[in-house]
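Residue numbers (this note's numbering): 67 to 211. Note that CB positions come from ideal geometry on N, CA and C, so glycine has one too. Since the model is a prediction, treat every value here as computed from it, not as a measurement. Taking it in order: structure first as structure tokens, then the write-up.
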Amino acid sequence: MKLFTVLEPPDGKPERVAFVSEGFAWSALALGFVWALWHRMWLVAALLFALTSALTVATNLELLGSGFAGLLQFGISLLFAFEARALQVASLERVGYRRSALIQASTSEAAELGYFAGRANNAPEPLSARLRGAPDDTLGIFGNV
């Protein structure tokens, strides 16, 4: 099961609700710059491009060995892959999205179905209604005695 952060748009349109999977982003590891552009993270993409360009220039000017530069590039890609989803959430929040929920589901489609099914009910059942059916002799976490 995966966790999905649900972000609602500032205009409240349900078709623009974003579901961001939590955890490691394999596609961000392989295609970091392209992944950032795809998710409209312009500042992050510019930073990745600048770092890659700086490493390439340093390698061409023989300021860094090619092996060390490759290791640095892999480290940057690995760090980005670990933080890509958090950066994506931060990027969406910067343009006005707000966190709405955290959903556990196996796929993004299941997360969407679960989120919108919960929204259709509008509000959760109040705590007093849930406790009304509890037996009177319950002692907290110890169960019925």
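On the DSSP letters alone, give me the boundaries of the beta strand (DSSP E) that residue i sits inside.
| i | result |
| --- | --- |
| Arg164 | 164-171 |
| Phe70 | 68-74 |
| Val161 | Counting along the chain, Val161 falls outside any beta strand (DSSP E), and DSSP gives it neither H nor E. |
| Val86 | 84-87 |
By a C-beta neighbour count over all protein chains shown, 10 Å radius and 16 as the cutoff for buried, is residue i buried or exposed?
| i | result |
| --- | --- |
| Phe146 | buried |
| Met67 | exposed |
| Leu158 | buried |
| Phe134 | exposed |
| Ala177 | buried |
| Ala189 | A caution first: Ala189 carries a pLDDT of 47, below 50, which makes its placement in the model too unreliable to give a value. |
| Leu168 | exposed |
| Thr173 | exposed |
| Gln170 | exposed |
| Leu114 | buried |
Which residue comes first and which comes last in the alpha helix (DSSP H) that contains residue i?
| i | result |
| --- | --- |
| Gly98 | 98-104 |
| Ala91 | Where Ala91 is concerned, there is no enclosing alpha helix (DSSP H), given that its DSSP letter is neither H nor E. |
| Leu109 | 108-126 |
Could you say which of the options lies nearest to residue i if we only look at CA atoms?
| i | options | result |
| --- | --- | --- |
| Gly141 | Thr118, Val123, Trp108, Phe70 | Thr118 |
| Gln139 | Gly89, Thr122, Val155 | Thr122 |
| Arg82 | Glu74, Phe134, Glu88 | Glu74 |
| Ser143 | Val110, Thr71, Ser172 | Val110 |
| Arg160 | Trp108, Ser87, Glu88, Leu69 | Trp108 |
| Gly98 | Ala116, Thr71, Arg165, Glu175 | Ala116 |
Q.
Taking contact to mean 3 or more Cβ pairs, one atom from each stretch, closer than 8 Å, check whether the region 92-103 and the region 176-186 are in contact.
A. Output reads no: the region 176-186 does not touch the region 92-103.
Q.
I'd like to know if the region 147-163 and the region 84-94 are in contact, where contact means that at least 3 CB-CB pairs between them fall below 8 Å.
A. Enough Cβ pairs lie closer than 8 Å, so yes.
Q. Can you find at least 3 beta carbon pairs, one from the region 68-81 and one from the region 129-136, that sit closer than 8 Å?
A. Contact between the region 68-81 and the region 129-136 is absent, because fewer than three Cβ pairs lie under 8 Å.
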